[in-house]
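The opening position of the sequence shown corresponds to residue 11 in the working numbering, with each subsequent residue numbered one higher. Glycine residues also receive a C-beta, built at the ideal position from the N, C-alpha and C atoms. As the structure is a prediction and not an experimental result, all values here were calculated from the model.
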Amino acid sequence: MGTTTAEEDEHVESGVVGEGTSHDHGDASEEDGPAHPWFARLYDPVMRASEAKLFPPHREYLARDLAGDVLDLGAGTGAMLPYYEEAIRSGAAEVTMLEPDPHMREQAVAAAREDGIEVTVSDARAESLPFPDDSFDVVVASMVFCTIPDPEAALDEVARVLRPGGEFRFLEHVTEEGWRRLAQRALGPLWSRVAGGCRLTRRTGELFDDHEAFVLAEMERLHLGVFPVRPFVRGTLERRDSIAEMGADPSVRERVREAVDAARDRLARR
Ligand SMILES: C[S@@+](CC[C@H](N)C(=O)[O-])C[C@H]1O[C@@H](n2cnc3c(N)ncnc32)[C@H](O)[C@@H]1O
11 MGTTTAEEDE HVESGVVGEG TSHDHGDASE EDGPAHPWFA RLYDPVMRAS EAKLFPPHRE
71 YLARDLAGDV LDLGAGTGAM LPYYEEAIRS GAAEVTMLEP DPHMREQAVA AAREDGIEVT
131 VSDARAESLP FPDDSFDVVV ASMVFCTIPD PEAALDEVAR VLRPGGEFRF LEHVTEEGWR
191 RLAQRALGPL WSRVAGGCRL TRRTGELFDD HEAFVLAEME RLHLGVFPVR PFVRGTLERR
251 DSIAEMGADP SVRERVREAV DAARDRLARR
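See the structure below:
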């Protein structure tokens, strides 16, 4: 399954790499999965001040009333762990942390072990999740859609693995507008190299708002962060209950009909 629990004794690498680990999408340069040792080593020290001063209320938002099966997409070094701790210890939530970069993942496993927090850690990419449909009640993404090579495919996967009525909670930095966007674009290539593949000018809020599998429960644009990593969007999408609800949009109805026809064809050929 490509997973391990932070409680297991085996070495992180042997525990996480294996069947169910899928790397089907993404940049050619990242075909074998991201691996940024320096970024991973510097991530916590560089983020320390922001983690202390800027992010706590937003991380609390992501972890509020956490219950059921939870997936943390691109969990990094495990920055959300302290916010999940209470729900995990009380048995309210079971958390899977997905992290494809071995250098980040190693730190996430170490942090969970050190604090004795039981989580499952999975080596896979968000664009190709090794979980069945309808597996999770909550999916969390914090500062990860800036880095995922194919964000559309990742959002489709979030829709697939969330149970109907489940929540996708996010905190993501997005593009500025006007001259600041131009400056972000100029800085982009260098930034992406030093910041583990992070893109500064994504319109992630629009991407989330447009997906037909979700109802937008709330989204706020936040004047948070330090240029060039600002502003942010924070919010929650709810997975629609049923295909019938999606059927309100004719283009979706058409796609559902095509999918049903294709399934019928496949059955008929058996
Ligand atoms: C900026 S870090 C954020 C980490 C963490 N969520 C946090 O809030 O601190 C982005 C993370 O996304 C991970 N990542 C990169 N490509 C990914 C992919 N295709 N699927 C899932 N995670 C990915 C990176 O390895 C990195 O750990």
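Residue i beta carbon near ligand 2 (any heavy atom closer than 7 Å)
i      : result
Asp111 : With respect to small molecules bound, the structure shown includes ligand 1 and not ligand 2.
Per-residue burial, residue i [other beta carbons within 10 Å of its own, 16 or more giving buried]
i      : result
Leu192 : exposed
Phe141 : buried
Val56  : exposed
Arg244 : buried
Arg135 : buried
Gly101 : exposed
Val119 : buried
Pro159 : buried
Pro47  : exposed
Asp133 : buried
Glu137 : buried
Ala103 : buried
Ala205 : buried
Phe237 : exposed
Gly84  : buried
Bridge partner(s) assigned by DSSP for residue i
i      : result
Arg10  : Residue 10 is absent from the model: the chain starts at 11 and stops at 280.
Leu172 : Phe146
Own chain residues within Cβ distance below 6 Å of residue i, not counting five before or after
i      : result
Thr214 : Phe155, Glu182, Val184
Leu165 : His221
Ala169 : Ala223
Gly86  : Met114
His233 : Pro241
Phe49  : Gly206
Contacts around residue i, its chain only, beta-carbon distance under 7 Å, and the 5 residues preceding and following it disregarded
i      : result
Cys208 : Cys156, Thr157, Trp201, Ser202
Ala122 : Ala16, Gly88, Leu91, Val129
Cβ shell of residue i (< 8 Å), same chain only, five flanking positions each side left out
i      : result
Leu217 : Phe155, Pro161, Glu162, Leu165
Checklist entry - Do the segment 200-207 and the segment 174-188 meet, that is, are 3 or more Cβ pairs less than 8 Å apart? => result Per the Cβ contact rule, the segment 200-207 is not in contact with the segment 174-188 (fewer than 3 Cβ pairs under 8 Å).
Checklist entry - Can you list the beta strand (DSSP E) stretches of 3 or more residues lying completely in the segment 186-253, in chain order? => result Whole beta strand (DSSP E) segments, 3+ residues: 224-232, 242-249.
Checklist entry - Is the number of C-beta pairs between the segment 64-73 and the segment 104-118 that are closer than 8 Å three or more? => result no
Checklist entry - Taking the runs of the alpha helix (DSSP H) that are 4 residues or longer, which of them lie wholly in the segment 77-117? => result 91-99
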